[in-house]
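Please read the structure below before turning to the comments.
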Amino acid sequence: MPGSLTAPEAAAAPLAVLSKVELRVSCKHLLDRDTLNKSDPCVLLLMQSQGQWMEVDRSEVIKSNLNPVFAKIFTVDYYFEEVQKLRFEVYDSHGQAGVGTHDDDFLGGMECTVGQIVAQKRVTKPLFLKYGKFAGKSTITIISEEISGNNGYVELAFRAKKLDDKDLFSKSDPFLEIYRIDDDRSEQLVYRTEVVKNNLSPIWEPFKVSLNSLCSCEEKRKLRCVVWDYDSRGKHDFIGEFFTTFEEMQKAMGENKVQWDCMNPKYKIKKRNYKNSGVVVLSLWKIHRVYSFLDYIMGGCQIHFTVAIDFTASNGDPRNSCSLHYINPYQPNEYLKALVAVGEICQDYDSDKKFSALGFGARIPPKYEVSHDFAINFNPDNDECEGIQGVVESYQSCLPKIQLYGPTNVAPIISKVARVAADEERTKEASQYFILLILTDGVVTDMADTREAIVRASYLPMSIIIVGVGNADFTDMQILDGDDGVLRSPKGEPVLRDIVQFVPFREFKNVSAAATGSCLPLPALPGPSLPSRSLPGGSGVGPAARHTATALCRVPCAVCPVLYDVCSRQCTVCPQLCSMCHVCRVPHAECHGPRTVFMYPVTCTVSHPTCCASRAMLCAVCHMPCVMRCV
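Numbering (full-length UniProt numbering), first residue to last: 1 to 631.
Next up, the structure:
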């Protein structure tokens, strides 16, 4: 994350105020660097990190245009309390050679902060060449829009029939642009399709766009769609346009198709028998809802926790005390420390306390072939271990039986967990959220495949925690984290949501065990810990309390230090059956009772079999002040 804190600071610092902002870019009066044609501009977005400018993303190249409106939408994380410096650089692209870095290719740059753009919503500034010289009359305009809570997106596919022919010796080369019409009547470019050469009935490639970008999550907001005939000199010919709404597009569900007449207003006035300039058909409409980690948990999902341990030879011979896998009889190695620190947090969300434990990068018996996704308990049919202690025991038992080898391929592990998550998502229940903890000592060998696997996994109920063990170079892991820019697949497809968090364990290994869990940047995990409370005449009961009673429920009561069984009693707030313990302070998924009543003290009717006190506390069901009656 930008402006990351040291371990002690992170433990004490409040959570940063984070939101995501979309930036749209356009330019005017750019310098013409080409002799025969106009410049082919492209915009690079850079963000300052630790005093260095790092490229975050770049726009598409627009051919022969000195007044480009870029279809590319930049998405950046916005921290209200931080100064986040941005730099926009405009270059003249040269075909297959791409964007150059020479002074002759540089069309101008501009620096500002994310806060300035968000505050003004629309920023227009002049472009400067090196040494502070104005780039002629060139200007750049940045329009910002904060992404709302609705993180859904829609997949669309358009085709056209019998478009007007604008070319003399060949057929038109059509492309489609979609504009959103805002409340102030201004238009924002949402998407620009590819050009289909020499075709009056083009079929454009399907594309995905967020609901926020398309219609500001308002179904009735007007959209203007324009069809052009592409011209290599930038003077595109207007074929026609039509207006629609997202609400109207929804009629294209399933086998249904929606079509519009593509109209040229000038022809409509001049030609008496004018009907249209072609027909545009929406052949695919598919809505996708994107859910956060909290959405899954509050919807009743249980955590499925998987550990993946790096057994490559770069860790060193486990029999050598210098090895990261060395089993010291007096203290755990760094792999075990990291496993326990993260695992104890995640296990609070796992009802059965069974964790899948995998290894990668080792030769395994009986044939001693290299495997990148083997069960460390050597049971391929059931790779689960009983609790964190079971994982530790399987790890210690596994080490003497394998040969550390390589390479460090992470993609197979990610893909394996993703397949299970995909199968779970296809069920109607979708009752599990998958967390993959990867413990590794260094450089990823299959970086391209790993990026592709993460992009695919970002569509699933899944998060990935990567903990770097040892003192190696973890640059690749920081790239996968995506804090300095949006992670993309080798083909350029961005992740749908940020599902990867990386932390070098060396920054936290000297912190106390209690603080370690709070320092590790888990992917949006709500804190499972319960604040310690002291009863009059009794001792404080906190989340660290351990009990020997045999019961299914592993969570201590909010009032007395006793473990309780999982119940199926009716909720005292709403007429639903509670699927969790009726006395522990864990929210049950079914209860969505009237929140207004929580503003006032209520009488809780839940019985506490072994509690001998009756005093004002927090209700075990609704967590608000109430009087608990004990029997």
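Think of the CB as a built atom: it goes at the ideal place given N, C-alpha and C, for glycine as much as any other residue.
Measure how close the beta-carbons of residue i and residue j come, nearest whole angstrom, since I'm counting them as under 8 Å.
i      : j      : result
Ala160 : Val280 : 5 Å
Leu496 : Ser463 : Not quite, the Cβ-Cβ distance comes to about 13 Å (not below 8 Å), so this is no contact.
Leu163 : Gly278 : 4 Å
Val342 : Ile454 : So it is not a contact: roughly 19 Å between Cβ atoms.
Leu436 : Leu284 : Not confirmed; about 32 Å, so no contact.
Ala362 : Tyr405 : 6 Å
Trp204 : Phe158 : 5 Å
Gly442 : Gly482 : Their Cβ separation, rounded to whole angstroms, is 19 Å, which puts Gly442 and Gly482 out of contact at 8 Å.
Arg58  : Gln188 : So it is not a contact: roughly 20 Å between Cβ atoms.
Pro174 : Val209 : With a Cβ gap of about 19 Å, Pro174 and Val209 do not count as contacting.
Identify which residue in the options has its Cα closest to the Cα of residue i.
i      : options                        : result
Leu86  : Gly234, Asp231, Leu45, Pro504  : Leu45
Tyr78  : Leu66, Ser19, Phe134, Cys112   : Ser19
Leu439 : Ala422, Ile414, Ser431         : Ile414
Leu339 : Thr113, Cys322, Ser351, Gly387 : Gly387
Trp228 : Glu241, Arg221, Lys220, Ser216 : Glu241
Leu223 : Pro202, His236, Ala422, Glu248 : Glu248
Phe74  : Val503, Pro494, Cys225         : Pro494
Pro400 : Arg185, Phe311, Ser216         : Phe311
Arg122 : Thr113, Arg180, Phe474, Thr141 : Thr141
Leu129 : Leu31, Ser201, Val69           : Leu31
Arg192 : Asp350, Ala71, Ala472, Gln120  : Ala71
Cys397 : Ile239, Leu358, Asn377         : Note that residue 397 corresponds to Ser in the displayed sequence, not to Cys. The shortest Cα separation from Ser397 among Ile239, Leu358, Asn377 belongs to Asn377.
Asp183 : Lys220, Lys208, Val195         : Lys220
Ile327 : Lys275, Pro380, Arg456, Val392 : Val392
Helix, strand or coil, according to DSSP, for residue i in the structure here?
i      : result
Val602 : Only weak support is given to the placement of Val602: the predicted model assigns it a pLDDT of 31, under 50, and the question is left unresolved by the model.
Glu248 : helix
Leu168 : coil
Thr440 : strand
Thr450 : helix
Met253 : coil
Pro380 : coil
Glu425 : helix
Pro490 : coil
Tyr395 : helix
Thr475 : helix
Ser19  : strand
Leu31  : coil
Asp481 : helix
Cys385 : strand
Ser26  : strand
Pro594 : Residue confidence is low: Pro594 scores 32 on pLDDT, short of 50, so the model does not pin down where it sits. Its coordinate-derived value is still stated next. Coil, per DSSP.
Val417 : helix
Val455 : helix
Ser210 : strand
Lys63  : coil
Pro575 : Bear in mind that the predicted position of Pro575 carries a pLDDT of just 44, short of 50, making it unreliable; the figure below should be weighed with that in mind. Reduced to three states, the DSSP call for Pro575 is coil.
Lys85  : strand
Ser314 : helix
Which partner residues of residue i appear in the DSSP bridge assignment?
i           : result
Ile269      : Per DSSP, none; premise fails for Ile269.
Phe175      : Trp228
Pro504      : Gly468
His304      : Phe434
Lys222      : Thr245
Gly51       : Looking at the DSSP assignment, Gly51 forms no beta bridge with any residue, so it has no partner.
Pro41       : Asp92
Ile203      : Arg159
His288      : Tyr153
residue 635 : Any property of residue 635 remains undetermined from this structure, which presents the chain solely from 1 to 631.
Arg58       : Leu44
Val69       : Ser26
Thr75       : Glu22
Leu282      : Phe158, Val258
Problem - Runs of beta strand (DSSP E) wholly within the region 324-366 (minimum 3 residues, chain order) - result: Taken in chain order, the unbroken stretches of beta strand (DSSP E) that lie wholly in the region 324-366 and span 3 residues or more are 354-360, 362-364.
Practice task
Scan the region 105-152 and note each continuous alpha helix (DSSP H) run of 4 residues or more that stays entirely inside, going in chain order.
Solution key: For the region 105-152, whole alpha helix (DSSP H) runs of length 4 or above, ordered along the chain, are 114-120.
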